[in-house]
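J.: According to this note's numbering, the residues represented by the sequence shown are 675 to 855, in order.
I have a structure I would like to understand better, so I am pasting it below and will then ask my questions one at a time.
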Amino acid sequence: MGAGAVPYEKLKKIRACLFDVDGVLTDGRILLGEGPEGALHEHKAFHARDGQGLILASDAGLEVGLVTSRASAIVERRARELRIGHVFQNVKDKLQCVRGFLSGRGLRFEQLLYMGDDLPDLPVLDRAGFSATVPEAPREIRAGADYVTDLPGGSGAVREVLDLLFRTQGRWPKILKKYRK
675 MGAGAVPYEK
685 LKKIRACLFD
695 VDGVLTDGRI
705 LLGEGPEGAL
715 HEHKAFHARD
725 GQGLILASDA
735 GLEVGLVTSR
745 ASAIVERRAR
755 ELRIGHVFQN
765 VKDKLQCVRG
775 FLSGRGLRFE
785 QLLYMGDDLP
795 DLPVLDRAGF
805 SATVPEAPRE
815 IRAGADYVTD
825 LPGGSGAVRE
835 VLDLLFRTQG
845 RWPKILKKYR
855 K
């Protein structure tokens, strides 16, 4: 699972999780279609297990958010469904955005888990306490990440990383107990 040895000590410090959208929560494809009156419609596919993982993270008291360089009503809607409190869209400088997010919550980069898949994510991946990416990310992104998922983006990769976090922080037994009532 993942690339090389997992730095578990880094995971123990995590208090916030931010995720890129296209290529991480989705497979990276942007599907555009035209409606009956010529209106353009965007479609994205999200994996249910990723969504469940994000809900579990929020329920566990972690700060959870999305950071994307695109703007999409679909992302906003999915974030509402998952009770994600922090959604940053149309972000041109992800590092500046994340710095603001962290300082507004009294957090440091070492307390951040960040998952991204492409060059705009690199400044944040380089500074995050724990960085994760997907196997189809460019070589330079994979090489610098603390963890490369076995699962591809949009197919449970986010859940894979969150489960690793939950287990490392000792949260998994409590999560299981809730569902085994």
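Idealized CB from N, CA, C, for every residue including glycine.
State buried or exposed for H715, treating a residue as buried only when at least 16 other CB atoms are found within 10 Å of its CB.
T.: exposed
J.: Please state whether DSSP places A802 in a helix, a strand or coil.
T.: coil
J.: According to DSSP, is V741 helix, strand or coil?
T.: strand
J.: Would you mind stating whether L699 and D724 have Cβ atoms separated by less than 8 Å?
T.: yes
J.: Which of helix, strand or coil does DSSP assign to V822?
T.: strand
J.: Go to L685, then tell me how far its alpha helix (DSSP H) extends in each direction, as first and last residue.
T.: Taken as a continuous stretch (DSSP letters only), the alpha helix (DSSP H) holding L685 covers 682-686.
J.: If you check the beta carbons only, do K718 and G803 fall under 8 Å apart?
T.: no
J.: What separation, rounded to the nearest whole angstrom, lies between the Cα atoms of V680 and V822?
T.: So the two alpha carbons sit approximately 10 Å from each other.
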